[in-house]
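Oh and the sequence shown: position 19 is 38 in the numbering used here, straight run, nothing missing. Below is one structure, written out as structure tokens; comments come after it.
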Amino acid sequence: MGDEVARKKEIQELKARVEEMKARLATLEMQIENAGKRTAAKPQWKALVDTELCVGCGTCESVCPVEAISIEGQARIHIERCIGCGRCVQECPEGALSLQPLGVSNHAALRFQDKLQHVG
Ligand code: SF4
Ligand code: SF4
């Protein structure tokens, strides 16, 4: 008799743990879904200079609404400020600018470009 009571109690405890795990799983799934939505809702585009084409005319600098471009011989994009509006791309007479999606590797490439232009 005592054994049966103990078994029933054990089963109840296990059921309670299963419910608790289900609730935690649902919370985690919701957090993952929300994180995915945040990432998807925020594609980042940044201007990129083709240093083979840029002649340093300054047109892009004058049209950028957030002062994300300076001319140091050639155009230099300050990627932290660039909002990806594309105005500089439209106005460049040499076709030296393009918008690129900012992924991890692009970010590294842009920083590398930034460094090269800063040194050169
Ligand atoms: S408008 Fe084009 S060519 Fe002129 S500085 Fe900017 S990127 Fe270079
Ligand atoms: S894309 Fe827009 S914000 Fe970015 S550098 Fe060009 S003009 Fe400025």
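The beta-carbon is built from N, C-alpha and C at its ideal position, and this holds for glycine as well.
Determine the extent of the beta strand (DSSP E) in which residue i is found, giving its start and end residues.
| i | result |
| --- | --- |
| Arg95 | 93-96 |
| Ala66 | 64-68 |
| Leu116 | 116-120 |
Hey, out of the options, whose CA is closest to residue i's CA?
| i | options | result |
| --- | --- | --- |
| Gly103 | Glu110, Cys111, Leu118, Glu91 | Leu118 |
| Gly105 | Cys83, Gln93, Ala35 | Cys83 |
| Ile98 | Gly75, Val108, Trp64 | Trp64 |
| Pro120 | Arg26, Ala25, Ala66 | Ala66 |
| Gly77 | Glu71, Leu47, Gln50, Cys111 | Cys111 |
| Cys73 | Glu52, Val85, Ile96, Gln31 | Ile96 |
| Thr70 | Glu113, Arg43, Lys41 | Glu113 |
Starting from residue i and walking both ways along the alpha helix (DSSP H), at which residues does that stretch end?
| i | result |
| --- | --- |
| Gln109 | 106-110 |
| Val82 | 78-82 |
Tell me, to the nearest whole angstrom, how far the beta carbon of residue i is from that of residue j; I am working on the premise that it is less than 8 Å.
| i | j | result |
| --- | --- | --- |
| Cys101 | Ala87 | 4 Å |
| Val68 | Gln109 | 15 Å between Cβ atoms; not a contact. |
| Ile51 | Gly75 | About 47 Å; that fails the 8 Å criterion. |
Look up residue i in the DSSP assignment and give the residues it is bridged to.
| i | result |
| --- | --- |
| Ile90 | Ala94 |
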